[in-house]
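Trainee: Sending over a structure as structure tokens; questions will come in a sec.
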Amino acid sequence: MSTTIIFATYNQSKAAEIRSRLPAFLQIQTLAELGMQEDIPEPYDNLKENAAAKSQTIHRLYHQNCFSEDTGLFVLALHGAPGVHSARYAGIPPDNNANIEKLLHHLQGVENRQAYFQTVISLIFHDQEFFFEGICSGQITSERIGDKGFGYDSIFIPDGSNKTFWEMELAEKNFYSHRRKATDQFITFLQNQPVWNG
Ligand code: ITT
């Protein structure tokens, strides 16, 4: 039996990464694919509550199983910034280019380049909420290695590699990535559920 679950996101790069891990029985539908356009508030100062806010908003509207994820890039020398504010670091509307420039500017001359990505998935499954988390530690480069791409990928080198995420094929990024770690737990959870009524 195959089933579809709503992914409360407008970010197609996130959707592509998660789709690359899904087993055959499971499909996801993003908000754009549902025809939705309204912004979903992310008012909290932590990933877990923001992820929950997104999935709860969609669950209230569609009364279906759904999930969301919130991700942040936490830079140690900047006391965790941009962190939960990663999407809007350089202001609104969100601008990847400006976010990267601001981050590199704040890290100019800073020796400690350690950072980590964290993803929290909030799943609402048959009216109950579940959370899954993944972390990927690494280093911020001193300049971009790569052009346009997904978020901060062109300035982040995961520990264990010498390439930025931008330089990697998806399968290689998945080997290291925060999102893949959270997604695999989410999929294992769903594979172990006996009840699938949409
Ligand atoms: P939603 O619709 O799911 O909220 P979003 O793009 O607003 O999508 P977030 O609130 O989770 O996503 O913001 C996370 C920020 O971090 C945003 O700027 C992303 O581009 C960036 N980001 C998230 N995951 C990333 C990854 O794997 N690699 C690089 N940058 C990433």
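Numbering of the sequence shown is given in this note's numbering, commencing with residue 14 and proceeding in unit increments.
In this text, a Cβ means the ideal position worked out from N, Cα and C, and glycines have one as well.
How is T43 classed by DSSP in three states: helix, strand or coil?
Mentor: Strand.
Trainee: To test your reading of the DSSP string, which unbroken alpha helix (DSSP H) runs of 4 or more residues are found completely within the region 93–141?
Mentor: You should have 109–119.
Trainee: Could you give the distance in angstroms between the alpha-carbon of E82 and the alpha-carbon of A28?
Mentor: Distance between the alpha carbons of E82 and A28 is about 10 Å.
Trainee: The ligand ITT and N187: does the residue's C-beta get closer than 7 Å to at least one heavy atom of that ligand?
Mentor: No, the Cβ of N187 stays beyond 7 Å of every heavy atom of the ligand ITT.
Trainee: Select from G159, E30, N59, T22 the residue whose C-alpha is nearest the C-alpha of E46.
Mentor: Ranking the options by Cα distance to E46, first place goes to T22.
Trainee: Quick check on S26: does DSSP put it in helix, strand or coil?
Mentor: Three-state DSSP puts S26 in a helix.
Trainee: Give the secondary structure of L60 by DSSP, where H, G and I count as helix, E and B as strand, and everything else as coil.
Mentor: In the structure shown, L60 sits in a helix (DSSP, three-state: H, G or I).
Trainee: Give me the Cα-Cα distance between Q141 and S167, rounded to the nearest whole angstrom.
Mentor: Rounded to the nearest angstrom, the two C-alpha atoms are 37 Å apart.
Trainee: Please classify I105: is it buried, with 16 or more other beta-carbons within 10 angstroms of its beta-carbon, or exposed?
Mentor: That one is exposed.
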